[in-house]
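Chemist: Chains as they are written, first to last, in this note's numbering: chain A, 350 to 463; chain B, 518 to 696; chain C, 47 to 522; chain D, 786 to 1327.
For each residue, glycine too, the CB sits at the ideal point set by N, CA and C.
These numbers come from a predicted model, not from an experiment.
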Amino acid sequence: MGPIGLQHYLVLGAILFVLGVIGIVSRKNAVGILISIELMLNAANINLIAFSRYSNKPIFPTTMPEAAYMDGQVFAIFVIILAACEAAVALAIILNLFNMFGTIEVDDADTMRG
Amino acid sequence: MAQNILFYLAAVMAVATTSMVVITRNAVYAVLYLIMSLFAVALVFLSLNAPFLALVEIIVYAGAIMVLFLFVVMMLNLQGQRGDEATKRPTRRQMIVPGALALLLLILIVVSLSAGTPAATNAALSDPKLLGELLFTKHYLGVKLSGIILLIGTIGGLHIGRGGSIPSTMEKPIDDVTH
Amino acid sequence: MGHYQPLLPDLILAMGATFILLLGPLRDSQNLRDFLRWISLGLVAATAATLVWVNHGMATPYPLVGEGWLTTAPLHTAFAVVFLATIAWTILASTVPDEDAGEWYSMLLFLGTGMIILARAANLAAVFLGLEVLSISLYILIAFRYSKRSSLRGGIMYLLLAGFASGFLLFGMALIYAVFGTLQIAEIRTLALATDMGPMAKVGFGLLLVGVGFKLAAVPFHMWTPEVYESSPGTVTGLIASSSKGAMLAAFIPFLFLLETHWSIIWLFAALSMVGGNLLGLREIRVKRILAYSSIAHIGYVLTGYLAGDTLSANAAFLPSITGVNAVFFYVVAYAASILGAFAALGYIQGERDLTLRDLRGVGRRNPVLAFCLLIFVWSLAGLPPAVGFFGKIYLFSAAINAGYFWLPLIGLLGSAIGIYYYLRIIVHLFMMPADASDPKVHASTLQEWVMLGSAVAVIALGLFPETIFSFLRAF
Amino acid sequence: MTLLLSLLLIPLLGTALVGLSGWVDRNFARVATLIIMIVDLAVAIILMARTSGGPVQVIHPWIPSFGVSFNLYVDGLSALLILLTTFIGVIAVIISWNEIKEKVTSFHIWMLLLQTGILIVFMARDMMLFYFGWELMLVPMFFLIGVWGHEEKLYSAIKFFLFTFTGSIFMLLALLYVYFQHAAQTGVLTFDLTQLLQTELSATAQTWVFLGLFVGFAVKVPIFPLHTWLPDAHTQAPTAGSLILAGLLLKTGVYGIMRITIPMAPAAAVYFTPWIIGLALIGIFYGALAAYPQRDFKRLVAYSSIAHLGFVILGVFVGNAAGYQGAVLQMVNHGLATGALFLIGGMLQQRTHTRLFEMFGGLWRQMPVLGGFLLFFCFASLGIPGTGNFIGELYVMGGAFTYHPLVGALTVFGILFAAAYSLRIFLATMHGPETTAFKNLPDASPRETLALGTLVAALVAIGFFPNLVTGPLYYPPDLSVPQSGRATTPAMVMPVETGTPSPVLAPTSPPLHTYLLPMNSNQLSDQRFDIASLSPDQQEVR
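1. What number of angstroms, rounded off, separates the C-alpha of Phe450/A from the C-alpha of Asp420/A?
2. Assuming Ile395/A is part of the alpha helix (DSSP H), what are its boundary residues?
3. Along the alpha helix (DSSP H) that carries Pro1016/D, what are the first and last residues, could you check?
4. Tell me, which residues are paired with Asp482/C by DSSP?
5. Against Ser663/B, what residues of chain C qualify as contacts under a CB-to-CB distance less than 8 Å, listed in chain order?
6. Comparing C-alpha positions only, which one of Ala437/A, Asn445/A, Tyr358/A, Phe424/A sits nearest to Tyr657/B?
7. With a Cβ-Cβ cutoff of 8 Å, do Tyr151/C and Leu82/C count as a contact?
8. Output needed for Ala1050/D: all residues of its chain with C-beta closer than 6 Å, excluding positions within five of it in sequence on either side, in chain order.
9. Can you list, in chain order, the residues of its chain whose CB lies under 8 Å from that of Pro1153/D, leaving out five sequence neighbours each side?
10. Please state the DSSP three-state secondary structure of Phe955/D.
11. Does the Cβ-Cβ distance between Gly861/D and Asp825/D come in under 8 Å?
12. Let me check understanding here. Comparing Cα to Cα, which of Ala60/C, Ile234/C, His268/C lies closest to Ile222/C?
13. Taking the alpha-carbon positions, what's the Leu406/C to Gly280/C distance?
14. What are the boundary residues of the beta strand (DSSP E) that includes Gln991/D?
15. For Thr1196/D, does the three-state DSSP call read helix, strand or coil?
16. Report yes if the C-beta distance between Ile880/D and Ala1236/D is below 8 Å; otherwise report no.
17. Cβ closer than 8 Å: which chain A residues qualify as neighbours of Thr534/B?
18. Does the distance from the CB of Ala94/C to the CB of Phe125/C come in under 8 Å?
19. Are any of the Cβ atoms in chain A nearer than 8 Å to that of Phe156/C?
20. Once DSSP output is grouped into helix, strand and coil, what is the label at Phe855/D?
21. Assess contact between the stretch 1106-1121 of chain D and the stretch 1004-1016 of chain D, defined as three or more Cβ pairs (one per stretch) separated by less than 8 Å. Is contact present?
22. Report the partner residues of Ala909/D according to the DSSP bridge assignment.
23. Taking Cβ-Cβ distances below 9 Å as the criterion, which residues of the stretch 845-869 of chain D are in contact with chain C?
24. By how many angstroms is the C-alpha of Leu253/C removed from the C-alpha of Gly362/A?
25. Whole angstroms are fine: how far does the CA of Leu1085/D sit from the CA of Pro1078/D?
26. Can you find a CB in chain C that lies within less than 8 Å of the CB of Leu446/A?
27. My assumption, with CB atoms under 8 Å, is that Leu1033/D sits in contact with Gly1120/D. Please give the rounded CB distance.
28. Return the first residue and the last residue of the beta strand (DSSP E) that Trp847/D is part of.
29. Which of helix, strand or coil does DSSP assign to Gln422/A?
30. Is it the case that the stretch 1199-1217 of chain D contacts the stretch 1131-1147 of chain D, given that we only count it when at least three CB pairs across the two stretches are under 8 Å?
31. Have a look at Ala445/C, Leu205/C, Phe251/C and flag the residue whose alpha-carbon is nearest the alpha-carbon of Ser181/C.
32. Quick check on the DSSP output: the alpha helix (DSSP H) that includes Pro55/C runs from which residue to which?
33. Could one say the Cβ of Ala433/A lies closer than 8 Å to chain C's Cβ atoms, at least one of them?
34. Need the endpoints of the alpha helix (DSSP H) that Gln1135/D sits in, please.
35. When we look at the beta-carbon of His475/C and count the other beta-carbons within 10 Å, is it buried (16 or more) or exposed?
36. When burial is assigned at 16 or more other CB atoms within 10 Å of the CB, is Glu178/C buried or exposed?
Structure, rendered in structure tokens:
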């Protein structure tokens, strides 16, 4: 159990990402799918931030521009903002759909299997 | 070593809770597990010396977004439609895509683990000040775009969330979500 | 000011959109609503003009602006101007839904902002954020008629699928960032071309391609298309099919170095889309879905052009003027001109329920102008002269042949021969079938009819003088 | 040259005029179209005269970045077919005068657009322009059949469209291949046929190019296994549509084979000649056999077209002067005679609302004039002396015998078969017990008499002066060629005696070779296919 490296984080991210994908494909209702999308975005965030820490020795040898190693963290902030907005719009639609028509199943005709 | 312990703790917790998110058929539980998962991921961020992101994760993600989720799910429950999943399990056919993807990523994991473990550096980047500076210098366009996204999200939520209340000619207005 | 000057176009558009939003309360009077339309139009025009102004006369290597977020390369600027034109067209041609409280034009302008950012993105974060501005605006535009179930369903469905796609895109980007250590696409390109990129980057780019495939609705990621197209307002459907995909295509141009390693994936996307899109449409009777399947096929054609790449490959040094990317540009213009009009026309005809081929009967007699325009657009989509779609297809397949692909153009041409059938069905129902008892309802204002006629004439004119589009491109 | 442009622009801009006049009154649209067609015919006649001094060409840049130019080129063969086009255009308008009662204006607009497309095909020297015109022909024809056709118009229209379009795809791929090969070899981007013909293609490449082009054109001709769209389209189209289909659209296919396919891949053409001659013979017999038992007047004539076009293809591919001339003669004659049969079928249908033979019978008594015309065109169709068809078939036969006696003999049998179905048309309608279903059917109106009479005159004229048709083929291919090149006009001499028969299946049999393969000559490519450039021993034949 050596020191923790970039790979460990990437593995963690990958596992969470796959769990998110499984969640999306196995669920039918809008809220469930939305939750799984959040999982995927989150998994990507782990990767982005992990790199910030291990930036001066990336897997691919490169000459780093100054402070590019922080880009991942900045990107992660943007992703969180985006997740918030997407959730807000999605929940508004879901709520409205439910209020007016009484269902949140989005998958009547099996049309949106990924 | 402390980082090791922190990482494994957080990682196990994250994987476990996330699995529960996917497995459970109860929407409220799913959201609650997701919140736990987000806390675990925040711990992962901490282990990466990114305290600012860890806080943002907890405050914004777990605190605001997830509470919104919870609110909606509970409201749906209140009105008789449970946000839960139908009882039927996914069929084998539906599991092909994630299965294949999981396999693909497994290969990736093996390959990248065999590439060796670089040592951790960049201790300095726990500094939120640097992050702030970067946000408003190098990435100011991103901040601007995030602002636009937030604005659009607000307008969109407001517009669509207006439901059937305006204009009055529309069918079946909802006056109260709890009726 | 000097620092912000390169970003002036984006600022004008975004601030203009906010301004329109503030004018929202004026909506109650018809005059003021018209006023809003013209203001929005003016804003789009101003943006386009500024865009050209700040970007003209750039020399290679094209400088990046916005601290490396946006490129000033002429091709991308030209793409952005084209997308602004589609937005302007939509502002003119769209019927504002009853549910509008001043957000409609504002949302269209925000959509335009997303497009011009995405089209000129020079780093991964810009691609992602531009795409999200675009996507979120589209969710709202699709679900805009919140009193209609189909509209809300379409909105949530597009949102979930686009979110899913974003997840792949983002995870791919994260892996790429982890490997190369930079978000700048140009740097990634240099690094990736310098040596063998390794398995992790390949997986990253693969996930990126899956995300892009979802957004473009390439087979096998096309499932959402018919449903979403059906439930959106006609003009918005046109935008989804034309410039929102077009912006993604433009953003993908800097990634074309992937042809070295990932060409087989793109090849597969293209072939499957051309076959699948054309076959799936054959049995469909709902018109918007027919065009949705046709748009899948068209994405296949475009990807065929992409395979030809942005530069000429070594074995094809004899067609200097038509690279794959130029052909794609031509096609995006041609396709946008045709599909926007087609969906808008269907939108005017559409009643309460889904529009079927049957509903088209009698439109030729009842509203000959609209039917004639629809004929021209469908003609162009089918790729028949003298409409512009004809040369669009020829250029794409020429570029592919030029780059040494043979089977793909053959598959594409055979696919388009299959696809001709459903275009012919539309024409047959428009002109050659007696109307049922009830006449179709057509709601088109005079302005809208003129806009349609104008774009029909443009489709023919561009088809007769296709060089115009290349001259336009060269002017940047 | 403004002549060529005006030939195209008159019908194209005429659509606007027709649209305007049709807005005022539907009869104005008819009159306007007729005037436009007549003016176009006049221009075509002038062009014909002009062409005798050498080919007329006009080149404008069109899409320079793609090597496409607006390149029109008219030599004797083109001028001949253009003349036929404009002539049949006039007849088509006259004949639709009473038949088309709905959507008159749009009918005539489509007619004019169709004429434009056909003219582009016959005039284009630039292959992209050619393809442009080729596809442009489809849509008006689709509308003519689909809107103004008979019972199963939609099925027929779609079938027609899909067949032709699918065929044209292979043609496009082949053209693009040659275009890129040419660009790779010379560095010049051009779709100019003259230059594309200079491309050196390997044997394999020639095979594929030939097959691609041939399939594209063969669908239109149509050659045997690709013919199934034709009976439906011809039967269901309105009279004018059938006339144009038979008279012109089928000829565009043959023209494409003569002008593009064979010169582009001469070696492959030689290689495939026996097979194609086999298909042509099958077409001749299949068309005749399938025509005979038909119950539907127009369907019978449609099948007979397959047989007639078999003769044309045979003439083209036997590869000698006689066959070539015969093919061109048969193209023109078939356009006139079969077109006329379709006209009569349309007239009968207009009067009786049926096309079925069992409903007819003994109509001669009621309509002697029309019956007389029918008799003449039936005889023309079976090729009696005095009509152009006789000369054409004679030439083709001669060419076939030169190629191989067996082929010649089979051709003779084919002509005998033609007699059977041609006579059946006449006997089943005009002779026999008089039908009780129809009384007091009006005879041919003056307008109809005029249309049919013109066709009779044309056929008889060709029958007695075949060099009206074959003469233009000897127009100098280029002004650089001395005038003496056309000194000898072809006499009505049968070239049978002198030709050396070649083994049927030998891919390198001499006749086709000798005039198809001046690959490295610096002569203009047209000459490869022109009688003027035949090898000396073959010129003696004349």
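Modeler: Reading from the atomic positions:
1. One alpha carbon belongs to Phe450/A, the other to Asp420/A, and they sit about 44 Å apart.
2. Counting along the chain, the unbroken alpha helix (DSSP H) around Ile395/A starts and ends at 379-402.
3. Per DSSP, the unbroken alpha helix (DSSP H) holding Pro1016/D starts and ends at 1014-1021.
4. Under DSSP, Asp482/C forms no beta bridge with any residue.
5. In chain order: Leu175.
6. Of the candidates Ala437/A, Asn445/A, Tyr358/A, Phe424/A, the one whose C-alpha sits nearest the C-alpha of Tyr657/B is Phe424/A.
7. Going by C-beta atoms, Tyr151/C is nearer than 8 Å to Leu82/C.
8. Around Ala1050/D: Gln991, Val994, Phe995.
9. Excluding positions up to five away in sequence, the list reads Asp1228.
10. If DSSP states are grouped into helix, strand and coil, Phe955/D belongs with the helices.
11. No, they are not a contact pair.
12. The shortest Cα separation from Ile222/C among Ala60/C, Ile234/C, His268/C belongs to Ile234/C.
13. Leu406/C and Gly280/C have their C-alpha atoms roughly 15 Å apart.
14. Run containing Gln991/D: none in the beta strand (DSSP E); it sits in the alpha helix (DSSP H), 988-1005.
15. Thr1196/D falls in the helix class under three-state DSSP.
16. Using a Cβ distance threshold of 8 Å, Ile880/D and Ala1236/D count as a contacting pair.
17. None at all; the shortest Cβ gap to chain A is about 10 Å.
18. Contact flag unset, no.
19. Answer no: the Cβ-Cβ gap between Phe156/C and chain A never drops below 8 Å.
20. Strand.
21. Not touching, per the Cβ criterion.
22. Its beta-bridge partners are Leu857/D.
23. Taking 9 Å as the Cβ-Cβ cut-off against chain C, the residues of the stretch 845-869 of chain D that qualify are Pro846, Trp847, Ile848, Pro849, Ser850, Phe851, Gly852, Val853.
24. So the two alpha carbons sit approximately 14 Å from each other.
25. Roughly 8 Å between the two C-alpha positions.
26. Judged by the 8 Å Cβ criterion, Leu446/A is in contact with chain C.
27. With a Cβ gap of about 7 Å, Leu1033/D and Gly1120/D count as contacting.
28. Residues 841-848.
29. Helix at Gln422/A.
30. With a cut-off of 8 Å, the stretch 1199-1217 of chain D and the stretch 1131-1147 of chain D count as touching, because enough Cβ pairs lie within range.
31. Of Ala445/C, Leu205/C, Phe251/C, the residue nearest in Cα terms is Leu205/C.
32. Element bounds for Pro55/C: 54-68.
33. No, no contact with chain C.
34. Looking at the DSSP string, the run of the alpha helix (DSSP H) that includes Gln1135/D is 1106-1137.
35. Answer is buried; the Cβ neighbour count reaches 16.
36. Buried is the call here.
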